[in-house]
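Just so you know, numbering that gives the first Met the number 0 puts 9 at position 10 of the sequence shown, and the rest follows in order with no gaps. Ideal Cβ positions, reconstructed from N, Cα and C, are used throughout, including at glycine.
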Amino acid sequence: MKRILLACGSGIVTSTIARSKLEQHLNAKGYAGKYKIEQCRVSEVPQKSSQYDFCVATSMKPQGVSCPYIRGTAFLTGIGIEETMEEVYKLMDS
Numbered sequence: 000m001k002r003i004l005l006a007c008g009s010g011i012v013t014s015t016i017a018r019s020k021l022e023q024h025l026n027a028k029g030y031a032g033k034y035k036i037e038q039c040r041v042s043e044v045p046q047k048s049s050q051y052d053f054c055v056a057t058s059m060k061p062q063g064v065s066c067p068y069i070r071g072t073a074f075l076t077g078i079g080i081e082e083t084m085e086e087v088y089k090l091m092d093s
């Protein structure tokens, strides 16, 4: 079970949009039931990241991230989603 930390400015709005799209892609690729996602504010990432397999943030990379980080703006814009998901799949398979 992979633990994914999904962060945005407030931990609510953009991370919820990104979560929906991330889950759609993961489930379509056969990862349903193989991950858990927790949303948080980007300011919480440094203290929480050590407990997760990787972090996706819809903002710039937070300082002090102690797990692999993926820039998640593609979930909001749709631009570069394939490349972003390839990064996610690699971490899911590691």
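Item                                                                                                                                                                : Value
What does K1 pair with, by DSSP beta-bridge criteria?                                                                                                               : Y34
Please name the residue, chosen from G71, S58, G77, Q50, that lies closest to S65 on a Cα-to-Cα basis.                                                              : Q50
For I16, collect the residues of the same chain with a Cβ closer than 7 Å to its Cβ; drop the 5 residues on either side in sequence, then sort them by chain order. : F74, L75
When you compare only the Cα positions, how much space is there between C54 and N26?                                                                                : 18 Å
In angstroms with no decimal places, state the Cα-to-Cα distance between I78 and C39.                                                                               : 23 Å
Could you give the residue range of the beta strand (DSSP E) that holds Y68?                                                                                        : 68-70
Once you ignore the five residues that flank H24 on each side, which residues in its own chain have a CB closer than 6 Å to its CB?                                 : M84
Please say whether I3 and K35 have beta carbons closer to each other than 8 Å?                                                                                      : yes
Which residues in the same chain as Y14 place their Cβ atom closer than 8 Å to its Cβ, once the five residues preceding and following it in sequence are excluded?  : Correcting the residue type first, residue 14 is Ser in the shown sequence and not Tyr. So the qualifying residues of the chain are L5, A6, C7, Q38, C39, T57.
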